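Q: Chains as they are written, first to last, in numbering that gives the first Met the number 0: chain A, 0 to 350; chain B, 0 to 350.
2 protein chains.
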Amino acid sequence: MSSEETSSDGSTRSPAGVVRLRDVALRAGCSVATASRVLNGNNKVGKAERERVLAAATQLGYVPNSSARALRSQSTRLVGAIIPTLDHAIYAKMVDGLQEQLSALGMSLIINTSEYDLEREKTQARILVGRGVESIVLVGTEHDPDTTRYLRDAGVRQIYTYTCVVDGGDAAVGFDNSAAGRMIANYLRDLNHERIAMIAGVTKGNDRARLRRDGFLEGLEASGLSAQDVFVIEAPYKIENGIHAMQSLMQTYPRPTAVFCGSDILAAGAVKYCNSHGIRIPGDVSIVGFDDLEIAELVDPSLTTVHVPAKQMGEHAARMLSKTPSEKSGHDVHELQTRLIVRESTGPAPA
Amino acid sequence: MSSEETSSDGSTRSPAGVVRLRDVALRAGCSVATASRVLNGNNKVGKAERERVLAAATQLGYVPNSSARALRSQSTRLVGAIIPTLDHAIYAKMVDGLQEQLSALGMSLIINTSEYDLEREKTQARILVGRGVESIVLVGTEHDPDTTRYLRDAGVRQIYTYTCVVDGGDAAVGFDNSAAGRMIANYLRDLNHERIAMIAGVTKGNDRARLRRDGFLEGLEASGLSAQDVFVIEAPYKIENGIHAMQSLMQTYPRPTAVFCGSDILAAGAVKYCNSHGIRIPGDVSIVGFDDLEIAELVDPSLTTVHVPAKQMGEHAARMLSKTPSEKSGHDVHELQTRLIVRESTGPAPA
DNA sequence: CTGTTAGCGCATTCAC
DNA sequence: GTGAATGCGCTAACAG
Numbered sequence: 000m001s002s003e004e005t006s007s008d009g010s011t012r013s014p015a016g017v018v019r020l021r022d023v024a025l026r027a028g029c030s031v032a033t034a035s036r037v038l039n040g041n042n043k044v045g046k047a048e049r050e051r052v053l054a055a056a057t058q059l060g061y062v063p064n065s066s067a068r069a070l071r072s073q074s075t076r077l078v079g080a081i082i083p084t085l086d087h088a089i090y091a092k093m094v095d096g097l098q099e100q101l102s103a104l105g106m107s108l109i110i111n112t113s114e115y116d117l118e119r120e121k122t123q124a125r126i127l128v129g130r131g132v133e134s135i136v137l138v139g140t141e142h143d144p145d146t147t148r149y150l151r152d153a154g155v156r157q158i159y160t161y162t163c164v165v166d167g168g169d170a171a172v173g174f175d176n177s178a179a180g181r182m183i184a185n186y187l188r189d190l191n192h193e194r195i196a197m198i199a200g201v202t203k204g205n206d207r208a209r210l211r212r213d214g215f216l217e218g219l220e221a222s223g224l225s226a227q228d229v230f231v232i233e234a235p236y237k238i239e240n241g242i243h244a245m246q247s248l249m250q251t252y253p254r255p256t257a258v259f260c261g262s263d264i265l266a267a268g269a270v271k272y273c274n275s276h277g278i279r280i281p282g283d284v285s286i287v288g289f290d291d292l293e294i295a296e297l298v299d300p301s302l303t304t305v306h307v308p309a310k311q312m313g314e315h316a317a318r319m320l321s322k323t324p325s326e327k328s329g330h331d332v333h334e335l336q337t338r339l340i341v342r343e344s345t346g347p348a349p350a
Numbered sequence: 000m001s002s003e004e005t006s007s008d009g010s011t012r013s014p015a016g017v018v019r020l021r022d023v024a025l026r027a028g029c030s031v032a033t034a035s036r037v038l039n040g041n042n043k044v045g046k047a048e049r050e051r052v053l054a055a056a057t058q059l060g061y062v063p064n065s066s067a068r069a070l071r072s073q074s075t076r077l078v079g080a081i082i083p084t085l086d087h088a089i090y091a092k093m094v095d096g097l098q099e100q101l102s103a104l105g106m107s108l109i110i111n112t113s114e115y116d117l118e119r120e121k122t123q124a125r126i127l128v129g130r131g132v133e134s135i136v137l138v139g140t141e142h143d144p145d146t147t148r149y150l151r152d153a154g155v156r157q158i159y160t161y162t163c164v165v166d167g168g169d170a171a172v173g174f175d176n177s178a179a180g181r182m183i184a185n186y187l188r189d190l191n192h193e194r195i196a197m198i199a200g201v202t203k204g205n206d207r208a209r210l211r212r213d214g215f216l217e218g219l220e221a222s223g224l225s226a227q228d229v230f231v232i233e234a235p236y237k238i239e240n241g242i243h244a245m246q247s248l249m250q251t252y253p254r255p256t257a258v259f260c261g262s263d264i265l266a267a268g269a270v271k272y273c274n275s276h277g278i279r280i281p282g283d284v285s286i287v288g289f290d291d292l293e294i295a296e297l298v299d300p301s302l303t304t305v306h307v308p309a310k311q312m313g314e315h316a317a318r319m320l321s322k323t324p325s326e327k328s329g330h331d332v333h334e335l336q337t338r339l340i341v342r343e344s345t346g347p348a349p350a
């Protein structure tokens, strides 16, 4: 049995009605090679021939088979991204920007989620390599050494995001988490807070959370406060965790007068706890978030937080990817600026 | 020049360090055909041979080249999704669930965004077909006829989400937007509200927004209220739009005592407006949202809203995709249940 | 400028 | 059961 059918107009088509390059060439009266050249913008083709090919392609609605193209040319224009989860606006925004730019640059994006698990990340990386991605966008600098090595061996470019540290990767676009932490430390100290606590994200396998915390503690030390006295609770980025962590903190003695949260999500939970327990913000306690998500403006009082340009980060990563690595000599780091957004949730330490 | 290198152990590898099936076969001491059979679960292979192949594959870290596999087998195990934007939790959650299940089922996901533009959606669909996706997940039932026809001609399955209406598609997983609208109408009427308004999403090109509105108006009519008297404002799902729309509504006379918002985002804006203008919720006005996002619980007062099982929707879509269409006779619709979540933002109409 | 030729890596038919 | 041979659709080298 033949896998082809001969339709009434004499052309030969695949069963699914998919138009192949051969069909275009047939209609244009040239060889597939010529048709291929035209469709790939190769200049060395006669004007008349070129026009006929273009016309045929349009009329037939030709769409190149990217599997074949990829197999042959070793170029897929495919990029992969492995992020912790899409169910967190800070990552969804980044991916949104990444996708948008990539699409404009003629590349496609395959996404996978790791659920903050470096093991899972490794598995997903292998899958993406199998899919033929030429680059891979990862979150943060900390990864399983196997992952990094594997990707390097496979010739896949690694772009780290939300960080400025390239380490084993090829490029990074993000911001200085440690400096952001220090900035908050200074801000709270300038408001005369002395009893300060932090609700951090889980630092295991998460360098962003760790650097934020460390930078914060460093900043406090530098201002004459002992980091020993700073109570730090770690919790996954969920509202309930913010609530419970704040509850724990409010039961310590002496109570902190300021709490820095590693994410607006945690901060929103903290605010919720205070509101429902008669703890005034910022009268009794000041709360600082991180990320500047929509919720920062919606909670009452609105959150003082650190703005993270997530979408721009994704867009910039896409642009980095569109450049061939050779254009860039060695490691390529692009630092974006975070900035403190002062709203209603912070104030001077109570007298 | 050869494109291969002979490494010290005598095996032949591609320059990029990628392991091919040939390498596995070589190490296992069999032909590529046998290796292929083993790796594809073909039964007709001797036990000893099978074990050796499996071992070799593991040791070498073999990952099949999916371009080659796709080209040969005409099966890519690739699915595409076109959603309005990732910068809206309701879609990000769905994609999160979709991706997770797809990954577990050995399929990969390419995402594209349309920004609520049906023209853009058409373009993205062509790109995805070129990428070889076997199915495509779309949001809603309303699409450019060209898109629908094109996908059908290309043999690509269309799964619609957030809706129960298949129309030109092959399957749908979602909920009854119209029924949800009616449910809210009944709920507000039971609370004795008579002056009722709505802040809807943009209905052009968005059947979900339109059905929600129409169902709501139908429900009000059925309860004896004239839809003529119901003021409806349309606005994109942005907080500021919720603020401005609420401002407009509060300047009408007589003021509505209840406002149904087509999204929690709009509702959150509405709440924010009221809070900053001394309008009591629900004392002066009741507000109902839609989606049940995290913000619904964070705003003060917390939002009465309609719960939409976005993540489950994505998960279910993935499962539908894993079944071959032939297993399902014709159109396949899966309806998920929405439910009313009553919180603090609603109460009886003021006397 | 254009056509002919030769694979990319893999699954699969056909012999054995 | 197993291996050799074939070609999926396309691009790139090589002739002409």
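Idealized CB from N, CA, C, for every residue including glycine.
Keep in mind that this is a model prediction, so the values were computed, not measured.
(1) Exposed or buried, which one is A:P144 when buried takes at least 16 other CB atoms within 10 Å?
(2) In three-state DSSP terms, what is B:T323?
(3) Compute the distance between the beta-carbons of A:K310 and A:M106, then report whether it is under 8 Å.
(4) Can you check whether the C-beta of A:S10 is within less than 8 Å of a C-beta belonging to chain B?
(5) Between B:A34 and A:G131, what straight-line distance do the alpha-carbon atoms span, to the nearest angstrom?
(6) At the 8 Å Cβ level, is B:T345 part of the contact set with chain A, yes or no?
(7) Spatial neighbours of A:P83 within its chain, please: CB distance less than 7 Å, with the 5 preceding and 5 following residues excluded, ordered by chain position.
(8) What are the boundary residues of the alpha helix (DSSP H) that includes A:A221?
(9) Report all residues from its chain with a CB closer than 6 Å to the CB of B:Y159; omit the five preceding and five following residues, and keep chain order.
(10) Tell me which residues of the stretch 44-63 of chain B have at least one Cβ-Cβ distance to chain A shorter than 8 Å, keeping chain order.
(11) Decide yes or no for the touch test of the stretch 177-190 of chain A against the stretch 209-216 of chain A: beta carbon pairs closer than 8 Å, at least 3 of them.
(12) Consider the Cβ of A:E293: report whether some Cβ of chain B lies at a distance smaller than 8 Å.
(13) Could you tell me which of A:E220, A:A317, A:E293 and A:A244 sits nearest to A:G96, measuring between CA atoms?
(14) Entirely within the stretch 212-291 of chain B and at least 4 residues each: give me those alpha helix (DSSP H) ranges in chain order.
(15) What is the rounded straight-line gap between the Cα of B:L117 and the Cα of B:F289?
(16) By the criterion of Cβ-Cβ separation under 8 Å, what are the contact partners of A:E314 in chain B?
(17) Verify the CB distance criterion: does B:E118 have a CB-CB separation below 8 Å to chain A?
(18) Which chain B residues sit within Cβ distance under 9 Å of A:T323?
(19) Between A:R19 and chain B, is any beta-carbon pair separated by less than 8 Å?
(20) Tell me which same chain residues have a C-beta within less than 6 Å of the C-beta of A:R163, skipping the five on either side of it?
(21) What does a CB cutoff of less than 7 Å around A:K121 pick up in its chain, not counting 5 residues either side in sequence?
(22) Chain B partners of A:N274, CB-CB under 7 Å?
(23) Check for me: the alpha helix (DSSP H) holding B:A54 runs from which residue to which?
(24) Taking only beta-carbon positions, decide if B:L108 is within less than 8 Å of chain A.
(25) By Cβ distance, which residues of its chain are closer than 6 Å to A:S321, with the 5 residues on each side in sequence left out?
(26) Name the chain A residues that come within less than 7 Å of B:T365, Cβ to Cβ?
(27) Pull up the DSSP beta-bridge partners for A:L137, would you.
(28) Closer than 8 Å, CB to CB, is A:D86 near chain B or not?
(29) DSSP on A:E99, reduced to helix/strand/coil?
A: Reading off the structure:
(1) exposed
(2) Reduced to three states, the DSSP call for B:T323 is coil.
(3) Between A:K310 and A:M106, the CB-CB gap reaches or exceeds 8 Å.
(4) Below a pLDDT of 50, predicted positions are generally treated as unreliable, and A:S10, at 43, falls in that range; the measurement from the model is reported next regardless. Cβ-Cβ to chain B under 8 Å: no for A:S10.
(5) 21 Å
(6) no
(7) Y90, T112, S113, E114, Y115 and V138
(8) Residue range D206 to A221 is occupied by the alpha helix (DSSP H) that includes A:A221.
(9) L137, T140, G168 and A171
(10) G60, V62 and P63
(11) yes
(12) yes
(13) A:A317
(14) 238-249 and 263-275
(15) 23 Å
(16) Within chain B, no residue comes near A:E314; the closest Cβ sits about 12 Å away, beyond 8 Å.
(17) no
(18) Those within 9 Å of A:T323 in chain B number zero; the least Cβ separation is about 15 Å.
(19) no
(20) What sits at residue 163 of chain A in the sequence shown is Cys, not Arg. Excluding sequence neighbours, A:C163 sits near A171, G173, D175, V332 and E334.
(21) So the list reads D143, D145 and T146, once near-sequence residues are dropped.
(22) D299
(23) K46 to L59
(24) yes
(25) Around A:S321: L104.
(26) This structure leaves residue 365 of chain B out entirely; chain B is present only between 0 and 350.
(27) A:I81 and A:Y159
(28) yes
(29) Reduced to three states, the DSSP call for A:E99 is helix.
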